[in-house]
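J.: If you read the sequence shown in numbering that gives the first Met the number 0, its first letter stands for residue 0, the second for the next number, and so on.
We treat Cβ as the ideally placed atom computed from N, Cα and C, and that holds for glycine.
Note that the coordinates shown come from a computational prediction; the quantities given were computed from them, not determined experimentally.
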Amino acid sequence: MDAPGLEFAFRMRLEFGTEARLRFEPALMSVTRGFVAVLGGTIEGPRLKGRVVSRSGGDWPRLWSSGLVEFEAHYVLEADDGTPIYIHNRGIAWQPPEVMAALERGEKPDVPPYCRVTPRFEVPDGPHAWMNHTLFIGTGERRGDHSIFDYYAVT
Numbered sequence: 000m001d002a003p004g005l006e007f008a009f010r011m012r013l014e015f016g017t018e019a020r021l022r023f024e025p026a027l028m029s030v031t032r033g034f035v036a037v038l039g040g041t042i043e044g045p046r047l048k049g050r051v052v053s054r055s056g057g058d059w060p061r062l063w064s065s066g067l068v069e070f071e072a073h074y075v076l077e078a079d080d081g082t083p084i085y086i087h088n089r090g091i092a093w094q095p096p097e098v099m100a101a102l103e104r105g106e107k108p109d110v111p112p113y114c115r116v117t118p119r120f121e122v123p124d125g126p127h128a129w130m131n132h133t134l135f136i137g138t139g140e141r142r143g144d145h146s147i148f149d150y151y152a153v154t
């Protein structure tokens, strides 16, 4: 049996609006639930080119006091040929609490985050339908008012 490999598929730049946060404190844990609207973005890569449809959804992250962030994002992409592509993107990012506090203060600590996502796509029949039956993983990085995600098809 062959071990799975990874093939770079595309890079997505996501632009976000202002984040709204709600605070929940269940017993024994501290969680902040947020929402941030997706304002648009671009997609470039060997397997897909297009755009992120403006205001087509957003991310509903859970921010834990431990520094863990859980992503739960839903929005729509559009390939260069006009094909609509729905994405449900789940994942996690983690940095130590002291790094998260520095980021909240607007500082830029020199510590790369651990950020991994596992998107699922829904695509109509046509040239991009391969995305329906392909598993993907991705890496991400927040850069001010936008994030960059690199997506890899699991081969």
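1) Start and end of the beta strand (DSSP E) containing ALA92?
2) How do the region 90-100 and the region 63-75 stand: do at least 3 beta-carbon pairs fall below 8 Å, yes or no?
3) What would DSSP say about ALA2, mapped onto helix, strand or coil?
4) What does a CB cutoff of less than 8 Å around LEU38 pick up in its chain, not counting 5 residues either side in sequence?
5) DSSP on VAL75, reduced to helix/strand/coil?
6) Taking only the alpha-carbon atoms, compute the straight-line gap between HIS73 and GLY125 and give it to the nearest angstrom.
7) Look up PRO118 in the DSSP assignment and say whether it is helix, strand or coil.
8) Count the other CB atoms within 10 Å of the CB of GLU7; is the residue buried (16 or more) or exposed (fewer)?
9) Closest to SER64 by CA distance: which of GLN94, GLY49 and CYS114 is it?
10) To the nearest angstrom, how far is the alpha carbon of VAL116 from that of ARG10?
11) Which value, in whole angstroms, describes the spacing of the CA atoms of GLY33 and MET0?
12) For the beta strand (DSSP E) that contains ALA152, what are its first and last residues?
T.: Put simply:
1) 83-93
2) yes
3) coil
4) GLU14, PHE15, GLY16, SER53 and ARG54
5) strand
6) 22 Å
7) strand
8) As written in the sequence, residue 7 is Phe, which differs from the Glu given in the question. PHE7 comes out exposed.
9) GLN94
10) 13 Å
11) 42 Å
12) 145-153
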